[in-house]
Amino acid sequence: GENVEQHPSTLSVQEGDSAVIKCTYSDSASNYFPWYKQELGKGPQLIIDIRSNVGEKKDQRIAVTLNKTAKHFSLHITETQPEDSAVYFCAASKRGNTPLVFGKGTRLSVIA
Amino acid sequence: NAGVTQTPKFRVLKTGQSMTLLCAQDMNHEYMYWYRQDPGMGLRLIHYSVGEGTTAKGEVPDGYNVSRLKKQNFLLGLESAAPSQTSVYFCASRGDVRNQPQHFGDGTRLSIL
């Protein structure tokens, strides 16, 4: 089955700097890659997603890139702010009804 | 907009007790999921459902049962709780259009003594 590895497990950045979180997946049939943000005491919320027919997607300060050949995808957050501090999860799934497989998460701390 | 609602939010059980966690969604979603979240382990799928009356096993199904008698509700049962089931449980749902995002509830924190 699919296996998703996520790095780093913790990340601290200064406010205004960029943050990058990387994930690799094992199943070449996976074609959908969402990123979720989880704030303390809340459930994960989708922040951006990318499909395998696209190499990059951007939404304001966040962007995701996908390298299908290498089977890895990354989340980029620019101009980080304290409210970006949270746990971020990557995930992957195949076409159809296959459930998402999640990475183990990255705890991002933005230091003011 | 209620979205996905989980009840209860917190519960403490003794080993061997049983309980049911309820998940309700008001988005008419076909798919529903139960996950557990443990420190350093991310989100692990327990069971899921692809429609009313259906259930399927996920990655860590042992010790849990589920039922989806109504489309809007997905119940997770622990028949005989064990300390290893101490965790935060999340329910999620999504529509049946391919690659729609999952919407999560805010979790149930369950402690088993």
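Protein chains in written order, with my numbering: chain C, 471 to 582; chain E, 1018 to 1130. Glycine included, each C-beta is placed from N, C-alpha and C at the ideal position.
Answer with yes or no whether the minimum CB distance from residue 1115/E to chain C is below 8 angstroms. Interface criterion met: the Cβ of residue 1115/E is under 8 angstroms from a Cβ in chain C.
Backbone CA spacing between residue 1063/E and residue 524/C [nearest angstrom]: Approximately 31 angstroms between the Cα atoms of the pair.
Going along chain C in order, which residues have a C-beta closer than 9 angstroms to the C-beta of residue 1094/E? The premise fails here: residue 1094/E is roughly 20 angstroms from chain C at the closest Cβ pair, so nothing lies under 9 angstroms.
Between the CA atoms of residue 575/C and residue 1057/E - distance to the nearest angstrom: About 8 angstroms.
Determine which residues share a DSSP beta bridge with residue 571/C and list them. Answer by DSSP bridge pairing, in chain order: 562/C.
To which residues does DSSP link residue 544/C through a beta bridge? Partner(s): 492/C and 535/C.
Short check: CB of residue 564/C to CB of residue 497/C, under 8 angstroms? A distance below 8 angstroms separates the beta carbons of residue 564/C and residue 497/C.
Output, in chain order, the set of chain C residues within a Cβ distance shorter than 9 angstroms of residue 1062/E. Within chain C, 569, 570, 571 and 572 have C-beta atoms less than 9 angstroms from the C-beta of residue 1062/E, given in sequence order.
Using the C-alpha atoms, what's the distance from residue 1053/E back to residue 1091/E? Cα-Cα distance, rounded: 15 angstroms.
Taking CB distances under 8 angstroms as the criterion, tell me whether residue 1042/E reaches chain C. Among the CB atoms of chain C, none fall inside 8 angstroms of the CB of residue 1042/E.
Throw me the rounded Cβ distance for the residue 1050/E and residue 1119/E pair, which I believe falls under 8 angstroms. The beta-carbon separation of residue 1050/E and residue 1119/E, rounded to 7 angstroms, stays under the 8 angstroms limit for a contact.
Thinking C-alpha only, which one of 1128/E, 1114/E and 1121/E is nearest residue 1019/E? Nearest of 1128/E, 1114/E and 1121/E to residue 1019/E, Cα basis: 1121/E.
Using a C-beta cutoff of 8 angstroms, does residue 497/C count as contacting chain E? Judged by the 8 angstroms Cβ criterion, residue 497/C is not in contact with chain E.
Along the stretch 504–517 of chain C, where does the CB come closer than 9 angstroms to a CB of chain E? Name the residues. The stretch 504–517 of chain C vs chain E, Cβ under 9 angstroms: 504, 506, 508, 511, 512, 513, 514, 515 and 516.
If I measure Cβ to Cβ from residue 573/C and keep anything under 8 angstroms in the same chain, skipping five residues before and after, which residues do I get? For residue 573/C, where only same-chain residues beyond five positions count, the Cβ hits under 8 angstroms are 474, 475, 476, 493, 559, 560 and 561.
Compare the C-beta of residue 1058/E against all C-beta atoms of chain C and say whether one is closer than 8 angstroms. For residue 1058/E, the answer is yes, since a Cβ of chain C falls inside 8 angstroms of its Cβ.
Do three or more CB pairs link the stretch 508–516 of chain C to the stretch 545–559 of chain C at distances below 8 angstroms? As far as the Cβ criterion goes, the stretch 508–516 of chain C touches the stretch 545–559 of chain C, which means the pair count is three or higher.
Going by C-alpha distance, which of 1086/E, 1081/E, 1130/E and 1078/E is nearest residue 1068/E? Answer by Cα proximity: 1086/E.
Residue 1062/E - containing beta strand (DSSP E), residue span: Looking at the DSSP string, the run of the beta strand (DSSP E) that includes residue 1062/E is 1059–1066.
Cβ pair count under 8 angstroms reaching 3, the stretch 1026–1046 of chain E against the stretch 1099–1112 of chain E: Cβ pair count under 8 angstroms is three or more, so yes.
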